[in-house]
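Residue numbers (this note's numbering), protein chains in the order written: chain L, 1 to 309; chain G, 310 to 556. Just so you know, even glycine gets a beta-carbon here, dropped at the ideal spot from N, CA and C. Working notes, structure below.
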């Protein structure tokens with residue numbers, strides 16, 4: 001398994017040369033959704049706080065990018081603004097999590113997701129409402145134009161690589177350990193000096209900031225955005241990506257996003273049956289392997305190392 | 310001798326029931342104080358009030374002369390108060406070493422410096438020493454959840470000492486531990502007490518364990534202290550016998 005992981009970057013760099021533009025678009029979408037899912041995996045998988053609002057942060061990021069770049073500002077600024085907005089709003093959304101947990105928290109975040117959707121749809125002066133925003137330009141980076149699908153794909157891949165490195169660092173730092181402690185046993189963590197309040201808010205803030213960053217990439221990828229793309233459906237989809245891949249596992253979002261983005265294409269022959277097949281697949285997987293596809297892989301090829309990944 | 314912990318007229322009511330009723334006592338530096346009493350006598354409630362898990366209805370708790378009543382458990386821990394719980398509370402997904410590092414890391418610098426600092430928060434060597442001291446060397450890389458009950462109990466106690474606390478409150482450390490392991494645990498606790506002058510308060514039902522490790526014993530019944538003194542005197546006190554045996 002370790003060797004297969006080393007091959008992954010090579011495959012990802014080589015793949016677009018063998019694909020048509022639509023295939024390259026799907027790979028780019030995979031990279032973008034993986035970033036959003038890595039964020040949700042921090043909040044849910046490591047820190048154990050359920051959120052059904054991740055799509056809202058993708059939406060906030062996408063609208064930030066669309067509004068800034070169509071008015072002539074650089075995409076780099078959109079990354080900064082979206083990350084700061086995601087972090088701040090995510091931190092505030094974390095406050096209810098200090099009072100409620102589990103399915104109550106799910107409902108609080110679900111309400112927030114609906115609220116953001118309504119703002120995107122109704123505040124036409126800012127978001128152009130249901131008409132959406134079109135003509136979102138792809139960036140020039142130090143003279144390199146990312147207009148062509150393959151160039152923009154490499155840009156998405158580069159951002160994914162940076163996000164992965166940062167998330168990997170975080171998870172293996174003392175913070176990652178504190179997040180795991182918070183998920184497993186908050187009372188004990190508190191008695192060991194872990195400020196569970198601050199770490200809960202931080203988990204929401206960081207996960208949401210990554211949602212925002214994913215949104216900043218999403219807008220120039222599709223070049224036309226409208227509110228329904230960021231409705232509750234996407235939040236559930238992102239939640240599924242984290243859980244199907246393997247919640248609380250570093251590579252879970254990569255696998256989960258691949259399933260969610262590519263499976264509809266593979267199942268295209270089944271036409272209307274695609275969602276039913278996907279639903280049955282998820283039910284069977286989670287009934288037998290609640291730890292997701294990576295959990296399934298681990299039970300097929302047991303690892304020698306004993307401590308946590 | 311200076312008192313490390315002082316509890317003054319502490320009360321805690323739940324509805325109409327006074328679980329703890331005007332309890333006052335002090336614990337001196339280096340002392341091992343036993344806290345015994347029949348089930349429901351208020352021992353755990355008293356612990357939870359001292360440790361910030363519950364807010365007392367009235368009264369005051371002081372650590373080294375400084376009022377700490379109602380402070381959050383994480384703040385108390387960083388002031389040097391450690392604890393173990395009645396039921397096992399190790400992090401089963403983390404390895405033994407990771408559990409110990411976690412137990413000390415929040416005492417190392419600020420939150421941001423921990424994020425960008427070393428992954429073991431500089432506690433690798435300290436964790437190894439603790440692992441050796443509690444004879445868990447062969448299990449250091451195992452997930453804590455895969456350890457036997459007794460081994461997890463040792464780890465649980467070891468975690469309470471990772472940050473070098475001034476005061477540790479142990480809630481039934483001997484519960485469910487076999488005799489060999491119990492001897493081990495007693496010896497380890499005595500060694501830490503002698504070496505670091507840290508102060509212990511121990512809730513325990515195992516009388517043999519309490520009598521052999523504690524320097525002084527408080528007896529609680531119906532939320533009040535009914536007897537206090539060295540182990541031998543408490544054991545023969547008629548009020549204590551009555552509280553345990555009933556009327």
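Item	Value
Considering only residues of the segment 150 to 188 of chain L, which uninterrupted alpha helix (DSSP H) runs meet the minimum length of 4 residues and lie entirely inside it, listed in chain order?	174 to 184
Counting Cβ pairs closer than 8 Å, one from the segment 215 to 229 of chain L and one from the segment 29 to 39 of chain L, do we hit at least three?	yes
For the pair the segment 344 to 359 of chain G and the segment 439 to 446 of chain G, tell me if three or more CB-CB distances fall below 8 Å.	no
Which residue comes first and which comes last in the beta strand (DSSP E) that contains residue 330 of chain G?	326 to 337
In three-state terms, what does DSSP make of residue 309 of chain L?	Bear in mind that a pLDDT of 40 at residue 309 of chain L, under 50, signals an unreliable position, so the number given afterwards is only what the model happens to contain. The answer is coil: DSSP assigns residue 309 of chain L none of H, G, I, E or B.
Consider the Cβ of residue 242 of chain L: report whether some Cβ of chain G lies at a distance smaller than 8 Å.	no
Rounded to a whole number of angstroms, what is the C-alpha to C-alpha distance between residue 425 of chain G and residue 432 of chain G?	15 Å
What number of angstroms, rounded off, separates the C-alpha of residue 479 of chain G from the C-alpha of residue 31 of chain L?	50 Å
Please report the straight-line C-alpha distance between residue 362 of chain G and residue 334 of chain G, rounded to a whole angstrom.	19 Å
Along the beta strand (DSSP E) that carries residue 401 of chain G, what are the first and last residues, could you check?	Where residue 401 of chain G is concerned, there is no enclosing beta strand (DSSP E), given that its DSSP letter is neither H nor E.
Rounded to whole angstroms, what is the Cα-Cα separation between residue 249 of chain L and residue 6 of chain L?	17 Å
Residues of chain G with CB closer than 9 Å to the CB of residue 99 of chain L, please, in chain order.	Under the 9 Å cutoff, chain G gives no residues; its nearest Cβ is about 15 Å from residue 99 of chain L.
From the DSSP output, which residues share a beta bridge with residue 266 of chain L?	Per DSSP, none; premise fails for residue 266 of chain L.
If the criterion is Cβ atoms closer than 8 Å, does the pair residue 403 of chain G and residue 397 of chain G meet it?	no
Is the CB-CB distance between residue 235 of chain L and residue 52 of chain L below 8 Å?	yes
Taking the alpha helix (DSSP H) that residue 377 of chain G belongs to, which residues open and close that run?	Looking at the DSSP string, residue 377 of chain G is not in any alpha helix (DSSP H), and its letter there is neither H nor E.
According to the neighbour-count rule (16 or more other Cβ atoms, all chains shown, within 10 Å of its Cβ), is residue 195 of chain L buried or exposed?	buried
May I ask you to verify whether the segment 482 to 497 of chain G touches the segment 318 to 338 of chain G, counting CB pairs closer than 8 Å and requiring at least 3?	no
With a CB to CB cut of under 8 Å and the five nearest residues on each side skipped, what residues in its chain are close to residue 270 of chain L?	277
So, are the CB atoms of residue 538 of chain G and residue 550 of chain G less than 8 Å apart?	no
If the cut is a Cβ gap below 9 Å, which residues of chain L does residue 472 of chain G touch?	192 and 193
When you compare only the Cα positions, how much space is there between residue 304 of chain L and residue 12 of chain L?	Because residue 304 of chain L sits at a pLDDT of 49, beneath the cut-off of 50, its placement in the model cannot be relied upon, and the following sentence gives the value as read from the coordinates. Those two C-alpha atoms are separated by around 27 Å.
Relative to the C-alpha of residue 453 of chain G, which residue among G:474, G:401 and G:372 is closest?	G:401
Locate the beta strand (DSSP E) running through residue 315 of chain G, then write down its first and last residues.	312 to 323
Could you check the C-alpha separation between residue 528 of chain G and residue 436 of chain G for me, to the nearest Å?	36 Å
Which two residues bound the contiguous beta strand (DSSP E) that contains residue 526 of chain G?	525 to 530
Of all the alpha helix (DSSP H) runs that stay within the bounds of the segment 484 to 512 of chain G, which reach a length of 4 or more residues?	488 to 505
Can you list the residues of chain G that residue 185 of chain L reaches, using a CB-CB cut of under 8 Å?	398 and 400
Is the Cβ-Cβ distance between residue 464 of chain G and residue 476 of chain G less than 8 Å?	no
Assign residue 309 of chain L to one of two classes, buried (16 or more other C-beta atoms within 10 Å of its C-beta) or exposed (fewer than that).	With a pLDDT of 40 at residue 309 of chain L, under the threshold of 50, the predicted position of this residue should be treated as unreliable, and no value is reported.
Please list, in chain order, the chain L residues whose beta carbon lies closer than 9 Å to that of residue 410 of chain G.	174 and 177
Mapping the DSSP letters down to three states, classify residue 304 of chain L as helix, strand or coil.	Note that residue 304 of chain L scores 49 on pLDDT, short of 50, meaning its location in the model is unreliable; the coordinates nonetheless yield the value given after this. Correct three-state label for residue 304 of chain L: coil.
Using 8 Å as the threshold, is the C-beta distance between residue 281 of chain L and residue 205 of chain L below it?	no
In the DSSP assignment, find the alpha helix (DSSP H) that holds residue 384 of chain G and state where it starts and stops.	382 to 387
In whole angstroms, give me the CA-to-CA distance for residue 341 of chain G and residue 472 of chain G.	19 Å
Got a sec? Which residues, its chain only, sit under 7 Å from residue 91 of chain L by beta carbon, not counting five neighbours each side?	201, 204 and 205
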